[in-house]
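Chemist:
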Amino acid sequence: MSLSTSNSKNKKSNNWKGYWKNFLITASSCTFFIYLIIILVDPFDTIFFSPPLDRAPMATNQRFSYPAIARNQKFDSAIIGTSSVRLFNPEILNEKFSANFVNLAVNSATPYEQSRFLEYFLRFHPQPKIIIFGIDIKNQNKWCALDNSERFTEREFPEWIFDDNLWNDLLYHFNGKALEIAGRQVAQLTGFMKPRFGLDGFDNFTPDISEYDIDKARKNIYGASGKPSQKERPSNPELSSEEIENLQFPALEFFEEMLKSVPEDTTKIIHIPPRPWLSQPVSNTKDYLVLGECRARMINIAKGKPNLHIFDFSINSPITSEDGNFWDEWHHNILIAEKIIEMFSDKILKNIDNYGYFYYY
Amino acid sequence: MLFSSQIFILLFLPVTVGLYYVFAKHDRVRIWFLILASLVFYGYWDYRFIPLLIASILINYSLSLLYRKIPLKILIIGGITFNLSLIIFFKYFNFLAENLVTDYQPWDIILPLGISFFTLQQVSYLVDLHKGRVPRYEFSHYFLYVVVFPHLIAGPIIRHNELIAQFKLSPLRKGLHERLSRGATLFTLGLAKKVLIADQMALIVDPLFSAASNGSLTFAEAWLAALAYSMQIYFDFSGYSEMAIGLGLLLGLMLPVNFDRPYSATSMREFWRRWHMTLSRFLRDYLYIPLGGNRFGLTRQILAVLFTMTICGLWHGAGWTYVLWGFAHGLAVAVNNVWKKFSVEIPKNIGWLLTFTFVTFTWVIFRAENIEVANSVMNSMVGLSGLGFEINAEIKRLWLLPVALFFSIYGMTFLDFSLNKMKPNKYLASGLAVLLIYIVLELGKGQLNEFIYFQF
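Line by line, the protein sequences give chains W and L. All the letters of the first sequence, read from the start, carry residue numbers 214 to 574 under the numbering used here. All the letters of the second sequence, read from the start, carry residue numbers 5 to 460 under the numbering used here.
Next comes the structure, spelled out in C-alpha cells:
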C-alpha cells in the first residue's frame, strides 16, 4: 500500500481528511434523510406516530399491504383464505348479510399465515359479525399437508407487523423495498397512481371474462394435453384403514385453534371451494383416500360448533363438472364467486337449499 | 454477524470503530475492547462456540508459555494434535465415519464458524515457536491476533508476526485519515462485489445446479453454470477478503492480500500464487516444503504437490467432491512443474486459455453436491449430452456474466485501486458513500446470502 505522508506540499491532492469527512457526511446524511422520508410516508401504514395520510395498500405482497386494512374499524366481518376466495366481493357480501366485510384472503397463504391474519383481525375486532374461512383441500398440501414444513411461502411474511411490538416495526423500514413502496404511496397520495388493492382488500385478479379461452383453461387445469388423464380406478384401496387412521395432518391444529379463537356469537362460514371435478383424484387411489380423510377430519373438528356453517363445494356439481367455470385448477370465475355468495345467503338467512351444488354440515 | 448485513454496517461497525478510537490512546483498553467486540461479532452467530474459541486460544497460549520453560518437542506435537483434533472432530468426523462404518447415522455436529481458519493460524504459531521464530507475545495480543473480527471467520490467514506487531502501533499515528478513507473505500467496493455481482451470479448458478441434480443440462446450460460459478466464487471470496482488508485499515491494521486477478493467470502455478494467496502460502510453508518441496527431485516434488493440493481440497470441505477437486488441481500443478522442469514454452494466451478452462471446469466439481452431479454437468460441458444451446432453467441476470468475466480477467483490482491508485477526490468519496447506502438498502430487502467460504 502506498500510504502517502502528510507533509505533501500539495495539500489539495493529499486531502484525505476531506475525503473521509465527505464519505462520512454523505453516508450519514443519506441514511438519515432516506429513513426520515420512509418513516414519514409510512409505506405499509404500520408506524404508530406517522402523520395521518390517506394511505392505501401499495405493496404487491399482500402480507405487507393487508394488515393496515385489517385494523380498520369500519369492518366487522372478514374473509380469510387464499386466492381461491379472493373473488368474494365484500360489497356483495355486505348487501346480503348487512355487514361490513374486508377480504383478507392472500395468494398462496399457508395455514400458519392465515391463522396470523385471523389473529390480527380479531385483535382489532374482538367481536366480529361473520368470518368466512376459505379452506383449500389440496392433496398433501396446505391444510392437508402430511407434515408441518410449509409455514411460509417464498413470499416474505412480516412477523414484525403481526406482533404486539409497535416499536420494532421501525427496524424494518430502512430497505429498498420500503423505499420503493413509499414512492408508490406518495404517487398514490398525489393522484399519480391507483391503490394496488381495494381499500376493502378486494381485487379481481382474473382477466376480463371476454378474454376467456376454454382451451387455455383446460391446459391450466389438466396440463399440456388439455384433457383429464385417463386414470384407472384401483380395484382395492391403496391405503389400508389402519394406514388412513395413522395419517397426520398437522395444519388442522391451526384450523382447530382458529375456530376456537372466534367468539361463539360470530357466524362462521367454512367454505371448501369448488374444483374441476375431473381434476380430482380417482377413488381408491392414495391421493383420494388422503384427501377424503383430511376433509373428514376437518369437518369433524368444525361440526357442531355454534353459529357454524360448512359448505363443501368440492363435489360433483353443475359448477365443478363444467370446465368453463374455471380459469385453472384452483380458480373459478367471478360469476361463480357471486353465485356462491348467493347460495351462502340462501342457506344461512333463508334456509333455502341449492341441492346438488354443495354438501352442507 | 455478516459483513454484508445491516446490523453490521449500520450498528456494529460504527459503534466498534468509534469506541476503538475513543480508547485509542489507552493501549490495554483498546486491545481488550477489540477482543470483546470481536467476541460479540462471533457470538452473534452462535454464542455456544465462544467457550470453544477461548479454550482453544488459552490452551495454545499456555502451551507456548510452557514450551518456553521446558522446550520439549512433544509439547508442540501435542498442541498441533489438539488443534487438528478439534477440526477433525467438528469438520470431518461424520465424513470419516460415513466412509468407514456401514449404516452410520451421522452425529448432529454443528461446524463452528471460522474453525478452519483459526486452527490453521494457531498451528502455524506453534510450528514457528518450535523453530524459534516467535517472540514473546502478551496474552491480550495473542488473543486479539486470533479473534480480531475482520479476519476471524474466513481469513485472510494471517501469521502472528504480520499482525501482532501492529497492535503496538497507535491507530492515531500519521496517515490516520488516509487509512480510514482507503479502508472505507475498499470495504464499500468489496461489498459491491459481493452483493452486486456474486449474489447476482447465484441467480444463474443455483437454478442450473438444481436442474442438474434432477436431470442433465444442455451444453449451453452446463457452460453457463460453470462460468457463472467461477465468477460467483471469485467475486464472493475476493469481495469478502477486500472487505476484511478494508475493515483492518479502519482499525489501523494492514491485513495481507488474498487475491491478485487469479483469472488472468497463464499457468496453474501462477493461478495458485494469485488465488487465496494466504492459504497457498500457508500450505507451501507448513506442508509442501516440510514434505520436501522441490529439493529431492521431480518425483518427490510431484508427490508433495499432489498430497498438498489434496489436503487443500479436503480443507475446503468434508466431501469427496472437494478431495477430487484438490487432487485435480494437484495434478495440474504437477504437470505444470514438469513442463517447467523441461523448459517447455507455451504461448501466454494458450497458457491462459488452458488455465482458465481447467479452473472453470474443476469449479464444477467444487460446487456440485456430489460426484454424480459433477459428472453430469461435465459430461454436458464436453458435449456428451448433445450440443444443445437452449436454456430451460429459469435464470436471471445473464447479462451480468460477460461483464463479470471481462472485469475479472482484465479489470484493475479494487485492492490496487483503493490502496495505490486512488486519489482523495471528494466526489469519489460522496459517490462511494451513496453506493454504500444503496447496497445497505438492498441488503435490507430480504434473505442475506452468506459468503461461500463461511462453510469451509
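Glycine included, C-beta positions come from ideal geometry on N, C-alpha and C.
Buried or exposed, going by whether 16 or more other CB atoms sit within 10 Å of the CB of L246/L?
Modeler: To locate residue 246/L, count along the second sequence from 1; it is residue 242. A small correction: the amino acid at residue 246/L is Glu; Leu does not occupy that position in the sequence shown. The residue is buried, with at least 16 neighbouring Cβ atoms inside 10 Å.
Chemist: Along the segment 225–245 of chain W, where does the CB come closer than 7 Å to a CB of chain L? Name the residues.
Modeler: Within the segment 225–245 of chain W, the residues whose Cβ lies closer than 7 Å to some Cβ of chain L are S226, N227, N228, W229, K230, G231, Y232, W233, N235, F236, T239, A240, C243, T244, listed in chain order.
Chemist: Between the Cα of Q170/L and those of F421/L, F410/L, D31/L, spot the shortest distance and give me the residue it belongs to.
Modeler: For the purposes of this step, residue 170/L is taken as residue 166 along the second sequence, with counting starting at 1. Nearest C-alpha to Q170/L: D31/L.
Chemist: Output needed in chain order: residues of the segment 367–389 of chain W with a Cβ under 7 Å from some Cβ in chain L.
Modeler: E369, F387, N388, G389
Chemist: Does the distance from the CB of R508/W to the CB of I350/W come in under 8 Å?
Modeler: Position 295 of the first sequence, counted from the start, is the residue given in the question as residue 508/W. Position 137 of the first sequence, counted from the start, is the residue given in the question as residue 350/W. Result yes, Cβ atoms of R508/W and I350/W sit closer than 8 Å.
Chemist: Taking its Cβ as the centre, do 16 or more other Cβ atoms sit within 10 Å of N220/W, making it buried, or is it exposed?
Modeler: Position 7 of the first sequence, counted from the start, is the residue given in the question as residue 220/W. Note that N220/W scores a pLDDT of 48, beneath 50, so its modelled location is shaky; the value from the coordinates is reported in the next line. Exposed: under 16 other Cβ atoms inside 10 Å.
Chemist: Determine the direct distance from the alpha carbon of A269/L to that of L88/L, and round the result to whole angstroms.
Modeler: Here the question's residue 88/L lines up with position 84 in the second sequence. Here the question's residue 269/L lines up with position 265 in the second sequence. Those two C-alpha atoms are separated by around 33 Å.
Chemist: Going by the DSSP bridge assignment, what does T480/W pair with across the sheet?
Modeler: Within the first sequence, residue 480/W is the residue found at index 267, counting from 1. According to DSSP, T480/W bridges with I343/W.
Chemist: Considering only the beta carbon of each residue, do D541/W and N433/W sit closer than 8 Å?
Modeler: Taking the first residue of the first sequence as position 1, residue 541/W is located at position 328. Taking the first residue of the first sequence as position 1, residue 433/W is located at position 220. It is a contact, given that the beta carbons lie within the stated cut-off.
Chemist: Looking at the unbroken beta strand (DSSP E) that takes in N575/W, where does it start and where does it end?
Modeler: The structure shown does not extend to residue 575/W, since chain W spans only 214 to 574, so no value can be given for it.
Chemist: Take the Cβ of S311/W as the centre, count every other Cβ of all protein chains shown within 10 Å, and call the residue buried at 16 or more, exposed below.
Modeler: Counting from 1 along the first sequence, the entry for residue 311/W is found at position 98. Exposed, by the Cβ-count rule.
Chemist: Which residue or residues does DSSP assign as beta-bridge partners of D525/W?
Modeler: Here residue 525/W refers to the residue found at position 312 when the first sequence is read from its first residue. For D525/W, which the question treats as bridged, DSSP gives the partners I485/W, Y572/W.
Chemist: Under 8 Å between beta-carbons, which chain L residues line up against L392/W? List them in chain order, please.
Modeler: For the purposes of this step, residue 392/W is taken as the residue at position 179 of the first sequence. Within chain L, the residues L445 have their CB atoms less than 8 Å from the CB of L392/W, given in chain order.
Chemist: Does L17/L have its Cβ less than 8 Å from a Cβ in chain W?
Modeler: Position 13 of the second sequence, counted from the first residue, corresponds to residue 17/L. Judged by the 8 Å Cβ criterion, L17/L is not in contact with chain W.
Chemist: Considering only residues of the same chain and omitting the five flanking positions on each side of Q346/W, which have a CB-CB separation below 6 Å?
Modeler: Residue 346/W sits at position 133 when you count from the first residue of the first sequence. It should be pointed out that residue 346/W corresponds to Phe in this sequence rather than to Gln. By the criterion of a C-beta distance shorter than 6 Å, F346/W is surrounded in its chain by I293, I483, once the five residues flanking it on both sides are discounted.
Chemist: Is there a Cβ of chain W sitting closer than 8 Å to that of L251/L, yes or no?
Modeler: On the second sequence, position 247 is the one that residue 251/L refers to. No, no contact with chain W.
Chemist: Applying the criterion that 16 or more other CB atoms from any shown protein chain within 10 Å of the CB defines a buried residue, is F16/L buried or exposed?
Modeler: Numbered from its first residue, the second sequence carries residue 16/L at position 12. Per the 10 Å Cβ criterion, buried.
Chemist: In whole angstroms, give me the CA-to-CA distance for K234/W and G179/L.
Modeler: In the first sequence, counting from the first residue as 1, residue 234/W sits at position 21. In the second sequence, counting from the first residue as 1, residue 179/L sits at position 175. Approximately 14 Å between the Cα atoms of the pair.
Chemist: Can you list the residues of chain W that P154/L reaches, using a CB-CB cut of under 7 Å?
Modeler: The residue labelled residue 154/L in the question sits at position 150 within the second sequence. In chain order: nothing, as chain W lies at least about 15 Å away.
Chemist: With 9 Å as the limit, tell me which residues of the segment 156–190 of chain L have their beta carbon closer than that to any beta carbon of chain W; keep them in chain order.
Modeler: K178, G179, L180, H181, E182, R183, L184, S185, R186, A188, T189
Chemist: Among the residues of its own chain, which have a CB less than 7 Å from the CB of D255/W, if the five just before and after it don't count?
Modeler: For the purposes of this step, residue 255/W is taken as the residue at position 42 of the first sequence. The residues are S263, R268.
Chemist: For the candidate residues F411/L, L69/L, L287/L, F362/L, whose alpha-carbon lies nearest to that of L130/L?
Modeler: As a working mapping, residue 130/L is identified with position 126 in the second sequence. Of the candidates F411/L, L69/L, L287/L, F362/L, the one whose C-alpha sits nearest the C-alpha of L130/L is L69/L.
Chemist: Considering only their Cβ atoms, is the gap separating P266/L from P160/L smaller than 8 Å?
Modeler: Stepping through the second sequence from its first residue, residue 160/L is reached at position 156. Stepping through the second sequence from its first residue, residue 266/L is reached at position 262. Their beta carbons are not under 8 Å apart, which means P160/L does not touch P266/L by this criterion.
Chemist: Between F7/L and chain W, is any beta-carbon pair separated by less than 8 Å?
Modeler: Along the second sequence, read from residue 1 onward, the residue named residue 7/L stands at position 3. Answer no: the Cβ-Cβ gap between F7/L and chain W never drops below 8 Å.
Chemist: Mapping the DSSP letters down to three states, classify N354/W as helix, strand or coil.
Modeler: Here residue 354/W is taken as the residue at index 141 of the first sequence, counted from 1. Strand at N354/W.
Chemist: Quick check for students: name the residue ranges of the beta strand (DSSP E) that lie wholly in the segment 276–301 of chain W, counting only runs of 3 or more.
Modeler: 290–293
Chemist: Using the C-alpha atoms, what's the distance from G252/L back to V26/L?
Modeler: Numbered from 1 along the second sequence, position 22 holds the residue referred to as residue 26/L. Numbered from 1 along the second sequence, position 248 holds the residue referred to as residue 252/L. C-alpha separation (whole angstroms): 17 Å.
Chemist: Across which residues does DSSP place G390/L in a beta bridge pair?
Modeler: Residue mapping note: residue 390/L aligns to position 386 of the second sequence, counting from 1. Answer is L388/L, bridged to G390/L.
Chemist: Using DSSP with H/G/I as helix, E/B as strand and the rest coil, what is H145/L?
Modeler: As a first step, residue 145/L is located in the second sequence; it is residue number 141 there, counting from the start. The answer is helix: DSSP assigns H145/L an H, G or I state.
Chemist: Taking a Cβ distance cut-off of 9 Å, strictly less, list which residues of the segment 201–216 of chain L are near chain W, in chain order.
Modeler: none
Chemist: Name the two residues that bound the continuous alpha helix (DSSP H) containing I369/L.
Modeler: Sequence index remark: in the second sequence, residue 369/L carries index 365 (1-based). It spans 352–371 - the alpha helix (DSSP H) in which I369/L sits, taken as one unbroken run.
Chemist: Between N567/W and P463/W, what straight-line distance do the alpha-carbon atoms span, to the nearest angstrom?
Modeler: Here residue 567/W refers to the residue found at position 354 when the first sequence is read from its first residue. Here residue 463/W refers to the residue found at position 250 when the first sequence is read from its first residue. The alpha-carbon atoms of N567/W and P463/W are separated by roughly 33 Å.
Chemist: Cα separation between M556/W and R364/W?
Modeler: The sequence position of residue 556/W within the first sequence is 343, counting from 1. The sequence position of residue 364/W within the first sequence is 151, counting from 1. Cα-Cα distance, rounded: 33 Å.
Chemist: Starting from the beta carbon of L440/L, find every residue of chain W whose beta carbon is closer than 7 Å, and list them in chain order.
Modeler: Residue 440/L sits at position 436 when you count from the first residue of the second sequence. Within chain W, the residues near L440/L are A240.
Chemist: For the alpha helix (DSSP H) that T309/W lies in, which residues bound it at each end?
Modeler: Along the first sequence, one-based indexing puts residue 309/W at 96. A quick correction: the sequence has Lys, not Thr, at residue 309/W. Where K309/W is concerned, the enclosing alpha helix (DSSP H) starts and stops at 303–310.
Chemist: I'd like to know if the segment 324–344 of chain L and the segment 268–284 of chain L are in contact, where contact means that at least 3 CB-CB pairs between them fall below 8 Å.
Modeler: yes
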